[in-house]
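Note sheet for the following structure.
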Ligand SMILES: [Zn+2]
């Protein structure tokens with residue numbers, strides 16, 4: 068069995084999927100932990116650090132990926148289910164360039180050397196690739212994006228527009244707020260019920276609220292889309308529980324910075 072495991076490079080701690088590594092897919096999920104830095108590693112702009120400090124974190128990411136920060140691309144995430152194509156002309160958008168990829172919670176790219184970046188701080192990061200390295204895709208699936216099935220949109224796009232057989236699609240689901248801590252109202256739980264029966268993904272608590280397994284729901288959506296179970300790697304980590312490693316919006320509120328997930332063809 069593969070797993071999403073903690074690794075370290077020059078004092079920086081990050082997570083990688085063994086499965087994606089087996090296929091040589093360059094990727095990682097960030098943590099906040101760097102042994103050589105006093106402050107937590109943050110990839111979100113506007114969280115109290117200077118632009119130069121934040122860019123220094125992207126340079127660390129660049130060393131892990133083997134790509135310079137100038138090539139990285141990020142979108143404005145809006146908790147919807149749109150997946151947009153990224154190409155050479157987009158390099159630097161959202162990070163070194165003022166312009167952004169607008170309103171997209173998923174990015175997909177069939178070209179080489181363009182790292183895709185998505186943010187999260189409790190939401191589920193989903194990285195997709197394929198066995199022959201034809202395209203890579205990064206998805207931000209918060210609860211809204213999850214119930215709007217952004218994971219399904221990503222698979223459909225890989226299949227229809229990039230010609231990737233679904234049985235070749237690989238997927239790594241990163242750390243997010245997990246069932247232990249992700250408590251929602253009955254109204255939100257109802258939105259999940261519309262997807263499929265929730266017996267194994269939702270649990271009603273004594274206070275009338277529900278605990279939802281966001282990683283499990285996204286995994287199930289991918290399975291139902293035809294991604295084989297053996298092609299999936301799922302992190303065990305809860306962002307709320309592990310404060311030494313992760314930001315959590317639920318735990319920290321507006322103080323929370325942003326983690327990032329990266330993938331590059
Ligand atoms: Zn937890």
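Residue numbers (the working numbering): 68 to 332. Here a beta-carbon is modelled for each residue, glycine too, at the ideal position from N, C-alpha and C.
Straight-line gap, residue i to residue j (C-alpha atoms, nearest Å)
i           : j           : result
residue 316 : residue 226 : 33 Å
residue 161 : residue 256 : 33 Å
residue 283 : residue 329 : 21 Å
residue 189 : residue 148 : 17 Å
residue 166 : residue 274 : 45 Å
residue 114 : residue 324 : 6 Å
Supposed close pair residue i, residue j - CB separation, criterion 8 Å
i           : j           : result
residue 110 : residue 94  : The pair is not a contact, with the Cβ atoms about 15 Å apart (cut-off 8 Å).
residue 71  : residue 302 : 4 Å
residue 121 : residue 142 : Incorrect: roughly 17 Å between the Cβ atoms, too far for contact.
residue 208 : residue 298 : That belief does not hold up - the Cβ atoms of residue 208 and residue 298 are roughly 17 Å apart, past 8 Å.
Per DSSP, the bridge partner or partners of residue i
i           : result
residue 304 : Paired residues: none, contrary to the question.
residue 142 : 168
residue 192 : 207
residue 180 : Per DSSP, none; premise fails for residue 180.
residue 324 : According to DSSP, residue 324 bridges with nothing at all.
residue 173 : 150 and 206
residue 185 : 328
Distance cut-off 7 Å: residue i Cβ against heavy atoms of ligand 2
i           : result
residue 245 : The ligand content of the structure shown is limited to ligand 1, which means ligand 2 is not among them.
Whether residue i touches residue j by CB criterion (8 Å)
i           : j           : result
residue 180 : residue 134 : yes
residue 174 : residue 153 : yes
residue 183 : residue 150 : no
residue 294 : residue 276 : no
residue 145 : residue 170 : yes
residue 108 : residue 203 : no
residue 222 : residue 287 : no
residue 197 : residue 237 : yes
Uninterrupted beta strand (DSSP E) stretches inside the stretch 259-313 (no shorter than 3 residues): For the stretch 259-313, whole beta strand (DSSP E) runs of length 3 or above, ordered along the chain, are 269-271, 277-279 and 299-301.
Uninterrupted beta strand (DSSP E) stretches inside the stretch 223-247 (no shorter than 3 residues): The stretch 223-247 contains, as complete beta strand (DSSP E) runs of 3+ residues, the segments 236-240 (chain order).
4-residue-minimum alpha helix (DSSP H) runs that sit fully inside the stretch 97-135, ordered along the chain: 118-132
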